[in-house]
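J.: These protein sequence lines map, in sequence, to chains A and B.
When we follow the numbering used here, the leftmost residue of the first sequence carries the number 1, and every step to the right adds one.
When we follow the numbering used here, the leftmost residue of the second sequence carries the number 1001, and every step to the right adds one.
C-beta atoms are modelled at their ideal positions from N, C-alpha and C, and glycine is treated no differently.
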Amino acid sequence: MDKIMKKSNHNNSEIDPKLIEMLELLEPTLPRDPEDAARGMERFLMEADESLPTQSGTSLPWFKKWGKKNQKEENDMTTRRQIFAMKTLAMVAILAALVFGGVGMTALAAGNALPGDALYPFKTGMEQTRLNLTSGAAQQARLHLEYAERRLDELAALIAAGRFDATSQAAAEFEFHIERAIESLSKAVQDDPVEGQELASQIAGALSRYAQTLTSLHASSPEPARPAIKRALQAADETAMDDRVGSTEIEFIGVVEAKTAEAWTISGRTVVIIAGRTQIKNEIQVGDTVKVHALVGAEGRLTAREVELARGATSGEEIEFRGAVESMTAEVWSIGGKRVVVIAGRTEIKGDIKVGDTVKVHALVGVDGKLTAREIELISQATVTEEIEFRGTVDAITAEAWTIGGRTVAVVAGRTQVKGEIKIGDTVKVHALVGAEGRLTAREIELISPTAVTGEIEFRGMVEAITTEAWTISGRTVSVVAGRTEIKGAIKVGDTVKVHALVGPDGRLTAREIELITPSLQREVEVSVTGIVLAVSETSLTIEGDTFRITPQTEIRGTITNGAWVEVRGVRDANGALTATRIQLVEIESEDNQSEVRFSGVVEAMGGEAWTIAGRKVIVVPLVTEIRDLIRTGDVVKVRATLGADGVLVAERIELDN
Amino acid sequence: MERMSTLALNEKRVIDKQTLAEIYQQYSPGLFRYSVRLLGDRRLAEDCVAETFSRYLKTLKSGGEPPQNVQAYLYRVARNWITDQFRRQPPPPLELKEEVEADHLANPARLVAKQMERERVHRALLQLTEEQREVIVLRFLEGWSHEQIAASLEKNVDATRAAQARGLKSLRRILIEPEDG
Chain A
1 MDKIMKKSNH
11 NNSEIDPKLI
21 EMLELLEPTL
31 PRDPEDAARG
41 MERFLMEADE
51 SLPTQSGTSL
61 PWFKKWGKKN
71 QKEENDMTTR
81 RQIFAMKTLA
91 MVAILAALVF
101 GGVGMTALAA
111 GNALPGDALY
121 PFKTGMEQTR
131 LNLTSGAAQQ
141 ARLHLEYAER
151 RLDELAALIA
161 AGRFDATSQA
171 AAEFEFHIER
181 AIESLSKAVQ
191 DDPVEGQELA
201 SQIAGALSRY
211 AQTLTSLHAS
221 SPEPARPAIK
231 RALQAADETA
241 MDDRVGSTEI
251 EFIGVVEAKT
261 AEAWTISGRT
271 VVIIAGRTQI
281 KNEIQVGDTV
291 KVHALVGAEG
301 RLTAREVELA
311 RGATSGEEIE
321 FRGAVESMTA
331 EVWSIGGKRV
341 VVIAGRTEIK
351 GDIKVGDTVK
361 VHALVGVDGK
371 LTAREIELIS
381 QATVTEEIEF
391 RGTVDAITAE
401 AWTIGGRTVA
411 VVAGRTQVKG
421 EIKIGDTVKV
431 HALVGAEGRL
441 TAREIELISP
451 TAVTGEIEFR
461 GMVEAITTEA
471 WTISGRTVSV
481 VAGRTEIKGA
491 IKVGDTVKVH
501 ALVGPDGRLT
511 AREIELITPS
521 LQREVEVSVT
531 GIVLAVSETS
541 LTIEGDTFRI
551 TPQTEIRGTI
561 TNGAWVEVRG
571 VRDANGALTA
581 TRIQLVEIES
591 EDNQSEVRFS
601 GVVEAMGGEA
611 WTIAGRKVIV
621 VPLVTEIRDL
631 IRTGDVVKVR
641 ATLGADGVLV
651 AERIELDN
Chain B
1001 MERMSTLALN
1011 EKRVIDKQTL
1021 AEIYQQYSPG
1031 LFRYSVRLLG
1041 DRRLAEDCVA
1051 ETFSRYLKTL
1061 KSGGEPPQNV
1071 QAYLYRVARN
1081 WITDQFRRQP
1091 PPPLELKEEV
1101 EADHLANPAR
1111 LVAKQMERER
1121 VHRALLQLTE
1131 EQREVIVLRF
1141 LEGWSHEQIA
1151 ASLEKNVDAT
1161 RAAQARGLKS
1171 LRRILIEPED
1181 G
């Protein structure tokens, strides 16, 4: 009511507030479809193209007048700009005629325009129009993302064409659109927190994707193009740090293994550092154990918000142990079942050590239990043995073979002794026989420690691969265990999901729950419509003007007939096609499954038992329906009716509405 | 709202494509809202907007002076189109969809009741004279001033004030008095 009052600035006493309340019912209108709006403008401009430029000499006198006036005032800068505008317009028409064999195709031609092209302002103008015509902050945010992506494509195209001078414009507009996306996001969150959250996650995903694109573009581009790319990359990274973006924050402790100005490697994870945005609390050197607060982008990209020395991280505690070297990478060795971080310049390696050798290790124990080697000394070189012993985490269990610490070990009934109740994720000690070609057959597998869960993290990401044992979600491998992992929703590759995962002592993730957040790339939008069935067949259902496809996967609850009142849930794909996922008869909540409705309207048709009043079919039953006046077609009547569970209206009383 | 007409038409006297695009951007959302409110149908409303702008182009093309007050002109054309539409066929029932989308968890019976109440107000509005209806819609739903309305209706301000008073009185009689009595 306030809105109407404000709009009209009307004297309150003059208008019945009840009337205002009623008029307010009309205030929300059906929203305009932005696609329709954009098409409408396109059509209008095409029509203008067809009539205006060709007519400029003859049929538009005011146009001619302006031309003459213009000749007299050649020094007027405003007028010069107008000449330029007219020339551009003429050029556009000619260009379109040449390229497409007809005028009126400006919009199409402009679609491929790049910054600096004559048609480019038209392209961005169309975008702006679409934005203006789009209602809903979430939808606007998505459009801004779409346009930001276009700017990136343009940036790449400009670089490919060697047009470096225009790259800064593309970068600036890229920055503009992602900033606006965040602004719209803030509004969207207020409008609808749930959608806002999904949107935030989409934006995080998009930003991380942009950052990846820009990083590789930066690497492959010549020097003159780089400042613009760097600016865009910085904008993407900084926006990703925005609190409003749907990043999940994680905290972890790890050893700094490498440092560059842009990114640090901390215990195997790459963490992006942004000058001015990442708070680095102490003087940190490679080898230090640090605590990191980082934002997880939807693609698993980590951006550090804060890095500090982990207090008492190493606390001087040092252990010494012996073991066989099971694997060696540049950063991590596996020795006697333990992972030991090896840092060039800080770990002293004594002797020429190979996999299989037995070594003595002096290692610092981190607060997270992580071992950083101070010294590794060769004790004895590997000898060819019949039997080896190693420790590892059980990655997979099948009837014939187990995967333990990345190795496949054959398990043979009657020959392999399994000690303890072992499940995936547990740490075990294995005695195995080495066969031909290094094939291992377990003699004994002994439980050392059950999965030591060190924490649980939550993150969002896109599903990249699905196998029976593990899923890849935004670059992270997450073990999926039947009976232990709850999968919510029909998830397929490409979907965005939320993962609750347990972090094992070795950083391995085991999913506790994977929940579908958004189907792939939001190409499909969930819809829910309640209404009366206008037509139904085995393959389709029409309700309130929308036709849904029915597939064998569609869940149908109840018997659906024409005229039934149903709730349909489904998805709208990129082409606007609707597919029903669930169709359910709506129960009308009242004592006898009927609810009373009253309305007024014009009698449009009176045929036997079915009348049409105000566009609605109303059943008129002798003895049930009380008809108070002599009623004719065209009369305005008041109707009291009952709405049955089947959506049919049965009139109880019809009277003239005087 | 007045900025465009003054700037584009009175001072510059130039209508290039950019100006046309701006005119469309500025007025088409309001025109759509206005038409869909009266027509109750999105497709018809889009048709109305398209026809209105097409007529505007034809006026420019015909060689006459471009309309001085674009807003008043466009709404006048749209209004005529809607009146013709009503003559051809009576107003269809309002779409139910928006309400349902807005709150699909609510009891459908309540939604139906609200929708019907809305329809009742809509129909009451249609029972007013064309002039009264225009004034009520533009004033209370579009937030126009009496001066703007007068320009669009090609009447004077006193006439639109009178139409407003008469329109509100009729609405009260149609909508409220039967309930009270």
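Closest to Tyr-210 (chain A) by C-alpha separation, out of A:Glu-195, A:Ser-221, A:Ser-220 and A:Leu-233, would be which residue?
T.: Cα-wise, what sits closest to Tyr-210 (chain A) is A:Leu-233.
J.: Please name the residue or residues paired with Gln-417 (chain A) in a DSSP beta bridge.
T.: Answer is A:Glu-444.
J.: Counting only beta-carbon separations shorter than 7 Å, does Val-1135 (chain B) have a partner in chain A?
T.: It does not: the Cβ of Val-1135 (chain B) has no partner Cβ on chain A nearer than 7 Å.
J.: With 7 Å as the threshold, decide whether the Cβ of Asp-117 (chain A) is near any Cβ in chain B.
T.: It does not: the Cβ of Asp-117 (chain A) has no partner Cβ on chain B nearer than 7 Å.
J.: Does the Cβ-Cβ distance between Val-286 (chain A) and Val-307 (chain A) come in under 7 Å?
T.: Not in contact: Val-286 (chain A) and Val-307 (chain A) (Cβ atoms no closer than 7 Å).
J.: Gly-406 (chain A): buried (16+ other C-beta within 10 angstroms of its C-beta) or exposed?
T.: Label assigned to Gly-406 (chain A): exposed.
J.: Using CA coordinates, which residue listed in A:Val-361, A:Gly-205, A:Ile-182 and A:Leu-643 is at the minimum distance from Gly-461 (chain A)?
T.: That would be A:Gly-205, whose Cα lies nearest to the Cα of Gly-461 (chain A).
J.: Taking 7 Å as the threshold (beta carbon to beta carbon), is Phe-599 (chain A) in contact with chain B?
T.: By this cut-off, Phe-599 (chain A) is an interface position.
J.: In the DSSP assignment, the alpha helix (DSSP H) including Thr-278 (chain A) goes from what residue to what residue?
T.: Per DSSP, Thr-278 (chain A) belongs to no alpha helix (DSSP H) and is neither H nor E.
J.: Kindly indicate which three-state DSSP category Arg-1133 (chain B) falls into: helix, strand or coil?
T.: Arg-1133 (chain B) falls in the helix class under three-state DSSP.
J.: Strictly below 9 Å CB to CB, what residues from chain B border Lys-492 (chain A)?
T.: What Lys-492 (chain A) touches in chain B: nothing, since even the nearest Cβ is about 26 Å away.
J.: Confirm, please, whether the CB-CB distance from Val-639 (chain A) to Leu-675 (chain A) is below 7 Å.
T.: No information on residue 675 (chain A) is available, as it lies outside the stretch 1 to 658 that chain A covers here.
J.: By the criterion of Cβ-Cβ separation under 7 Å, what are the contact partners of Met-22 (chain A) in chain B?
T.: Per Cβ cutoff of 7 Å: Val-1121 and Leu-1175.
J.: Is Leu-1168 (chain B) a contact residue of the ligand GTP, with contact defined as CB to any heavy atom under 6 Å?
T.: The ligand GTP is absent from the structure shown, which contains no ligands of any kind.
J.: Ala-48 (chain A) versus chain B: which residues are under 7 Å apart at the beta carbon?
T.: Under the 7 Å cutoff, chain B gives Lys-1017, Leu-1020 and Leu-1057.
J.: Starting from the N-terminal side, write out each stretch of the beta strand (DSSP E) that is 3 residues or longer and does not extend beyond the stretch 466-512 of chain A.
T.: Correct list: 470-473, 476-479, 486-488 and 496-503.
J.: If the cut-off is 7 Å on Cβ atoms, which residues from the stretch 1020-1038 of chain B count as contacting chain A, listed in chain order?
T.: Of all residues in the stretch 1020-1038 of chain B, Leu-1020, Ala-1021, Tyr-1024, Gln-1025, Ser-1028, Pro-1029, Phe-1032, Arg-1033, Val-1036 and Arg-1037 have a Cβ within less than 7 Å of some Cβ in chain A.
J.: Indicate whether the contact test is met: 3 or more Cβ pairs, each with one atom in the stretch 475-495 of chain A and one in the stretch 438-452 of chain A, closer than 8 Å.
T.: With the cut-off at 8 Å, the stretch 475-495 of chain A and the stretch 438-452 of chain A do not touch.
J.: For the stretch 1125-1141 of chain B against the stretch 1162-1171 of chain B, are there 3 or more C-beta pairs whose distance is under 8 Å?
T.: Output reads yes: the stretch 1162-1171 of chain B touches the stretch 1125-1141 of chain B.
J.: So does the stretch 137-154 of chain A actually touch the stretch 171-191 of chain A, counting three or more Cβ pairs closer than 8 Å?
T.: Output reads yes: the stretch 171-191 of chain A touches the stretch 137-154 of chain A.
J.: List the endpoints of the continuous alpha helix (DSSP H) containing Glu-27 (chain A).
T.: Glu-27 (chain A) -> no alpha helix (DSSP H), and no H or E assigned at all.
J.: Using a cut-off of 8 Å between C-beta atoms, extract the partners of Phe-1086 (chain B) located in chain A.
T.: Simply none; closest approach about 13 Å.
J.: Below 8 Å, can you find three or more Cβ-Cβ pairs linking the stretch 371-380 of chain A to the stretch 468-478 of chain A?
T.: Counting Cβ pairs under 8 Å, fewer than three are found: no touch.
J.: Could you check what DSSP says for Gln-584 (chain A) in three-state terms: helix, strand or coil?
T.: If DSSP states are grouped into helix, strand and coil, Gln-584 (chain A) belongs with the strands.
J.: For Lys-1169 (chain B), which three-state DSSP category applies?
T.: Lys-1169 (chain B) falls in the helix class under three-state DSSP.
J.: Please go through the same chain and pick out, in chain order, the residues whose beta-carbon is closer than 8 Å to the beta-carbon of Gln-1127 (chain B), but skip the five residues on each side of it.
T.: Cβ neighbours of Gln-1127 (chain B) beyond the five flanking positions: Ser-1170 and Ile-1174.
J.: How about the stretch 128-135 of chain A and the stretch 155-171 of chain A: do they share at least three Cβ pairs that are nearer than 8 Å?
T.: Taking 8 Å as the limit for Cβ pairs, the verdict is that the stretch 155-171 of chain A does not touch the stretch 128-135 of chain A.
J.: Can you grab the Cα-Cα spacing for the pair Ala-641 (chain A) / Asp-1158 (chain B), in whole Å?
T.: Rounded to the nearest angstrom, the two C-alpha atoms are 44 Å apart.
J.: Can you name the residues that DSSP bridges to Thr-676 (chain A)?
T.: No answer is possible for residue 676 (chain A): the residues shown for chain A start at 1 and end at 658.
J.: Mind checking who Trp-1144 (chain B) pairs with in its DSSP beta bridge?
T.: Its beta-bridge partners do not exist; DSSP assigns none.
J.: Return no unless some Cβ of chain B is closer than 7 Å to the Cβ of Met-41 (chain A).
T.: By this cut-off, Met-41 (chain A) is an interface position.
J.: Based on Cα-Cα distance, which residue from A:Leu-309, A:Arg-391, A:His-500 and A:Glu-149 lies nearest to Ile-457 (chain A)?
T.: Here the closest residue by C-alpha is A:His-500.
J.: Compare the C-beta of Arg-32 (chain A) against all C-beta atoms of chain B and say whether one is closer than 7 Å.
T.: Yes - at least one Cβ of chain B is within 7 Å of the one on Arg-32 (chain A).
J.: From Ile-514 (chain A) to Gly-475 (chain A), what does the alpha carbon distance come to, in whole angstroms?
T.: If I take the Cα positions, the gap works out to 15 Å.
J.: Which residue wins for smallest C-alpha separation from Ala-1124 (chain B), given the options A:Val-365, A:Val-602, A:Met-606 and A:Trp-402?
T.: Comparing Cα-Cα distances from Ala-1124 (chain B) to each of A:Val-365, A:Val-602, A:Met-606 and A:Trp-402, the minimum goes to A:Val-602.
J.: What are the partner residues of Ala-535 (chain A), as DSSP defines its beta bridges?
T.: The partner list for Ala-535 (chain A) (beta bridge, DSSP) reads A:Thr-542.
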